[in-house]
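So the structure is just underneath, and the comments pick up after that.
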Amino acid sequence: MKVWIFVEGESDRIALNTLWANWRESLGRRGWGIHVIPLENKSHFFKKIGHRAAEKLTNNEDDLVVGLPDLYPNHEYMNSQYKHAHIGELKTVQAKLVEKALTDVFGLSQTKSEVALVRFHPTAFKHDMEMLLLAARDELRTVLRTPDALDSWQHPVEDQNQIKPPKHVVEDLFQAKKGKRYRDTVDAKAVLEKVADIRMILYHNENQLQCPLFKELMDWIGARTGIPAY
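Just so you know, we're using the working numbering here: the sequence shown kicks off at 135 and counts up by one.
Right, here's the structure in full:
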């Protein structure tokens, strides 16, 4: 049994595999595997998610599938079939693409398609994967080797301003604190591999939920597999 998670790029794959290392091990002991698959970029994600997700859903009736692109940028899609102004619309776009592939490509009836779609969870990084690094504030501080508080961003971190999304915040921090360019496929791993307990990055000062959408994703997988992430 497998959980297939489709993301935009390689940095997303590396970050999730790193953060979920212990969870993936627990899932593996119970016969579950998590496979994070990058689809190159957001445009390719939209072009491929329908067929790729539908293929996994039809190949094995026990498998789960997740669509996890970035919410932003979204302006370039406003005059296309992929138009989405917020999370709800982005979820709907993904579900429609997968449903169309189930019926048009794999020949499922409407009823069987609806049954299969129950195992598909459309969601998104809001705004991008780097919000996980802002949530992992103490671990980020350690990698940057700074005593500074590093707390000058929106809370919850998923609501960080679109004008300066989490990745831009992280890029500025690496330049200011380490005098070097942020490398998403290397530095995100360095931060997230220091996270000993996922619960520690879910809440700000132990009370405010930092990543509600991301937590919802993990809870969905945990409920379906019977193996919680935290």
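Yeah, the Cβ is synthetic: ideal placement off N, Cα and C, and Gly gets one too.
Item                                                                                                           : Value
Closest by C-alpha distance to Tyr211, when choosing among Asn193, Glu248 and Val227                           : Val227
Sheet register partners of Tyr337 (DSSP bridge)                                                                : Leu343
Continuous alpha helix (DSSP H) assignments of at least 4 residues falling wholly in the segment 234-302       : 244-251, 265-269 and 271-278
Inter-residue Cα distance where the pair is Ser214 and Val200                                                  : 23 Å
Classification of Gly165 by the beta-carbon crowding that lies within 10 angstroms, buried from 16 upward      : exposed
Simplified DSSP state of Lys314, which is helix, strand or coil                                                : coil
Cβ-based burial, Gly167 [other Cβ within 10 Å; buried from 16]                                                 : exposed
Whole-Å CB distance - Ala235 paired with His185, under 8 Å assumed                                             : 5 Å
Sequence-distant residues of the same chain with beta carbon closer than 6 Å to Pro362, five excluded per side : Gly356
Secondary structure, beta strand (DSSP E): runs of 3+ residues fully inside the segment 153-209                : 167-172 and 198-202
Length of the line joining the Cα atoms of Leu150 and Ile332                                                   : 12 Å
Under 7 Å between C-beta atoms of Glu142 and Phe179                                                            : yes
Classification of Arg315 by the beta-carbon crowding that lies within 10 angstroms, buried from 16 upward      : exposed
Spatially closest choice to Asp238 from Glu189, Arg271 and Gly360, by CA coordinates                           : Glu189
Helix, strand or coil at Val329 [DSSP, three-state]                                                            : coil
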